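Right, one structure below, let's go through it.
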Amino acid sequence: MARHRLGNPMRGEARRALRKRLRKQDPDFRPPPPATPREARREMLLMAAAFCAVIALGALAIGSGIL
1 MARHRLGNPM
11 RGEARRALRK
21 RLRKQDPDFR
31 PPPPATPREA
41 RREMLLMAAA
51 FCAVIALGAL
61 AIGSGIL
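Mind the numbering: the sequence shown is residues 1 to 67 in the UniProt record's numbering, read in order.
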């Protein structure tokens, strides 16, 4: 089954226009390489840990009567 890609804002003309504008500003511009699966997984785990920490601190604050 094909992936639904209509929600992707950086397709075709928009991506080419952005790259053209960036080349005008800085001719030596090179986009950063895509993240490796290991880096993406690490970033996802860090974001999940930060989210859990915020939830835990909020629950602690509510439980202790601060909020």
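From the three backbone atoms N, C-alpha and C, an ideal C-beta is built for every residue, glycine too. Every value quoted in this text rests on a predicted model; they were computed, and no experiment measured them.
When the beta-carbon positions are compared, leucine 22 and phenylalanine 29 come within less than 8 Å of each other.
Isoleucine 55 and glutamate 13 have their C-alpha atoms spaced approximately 41 Å apart. Distance between methionine 44 and alanine 59, taken at the CA atoms: about 23 Å.
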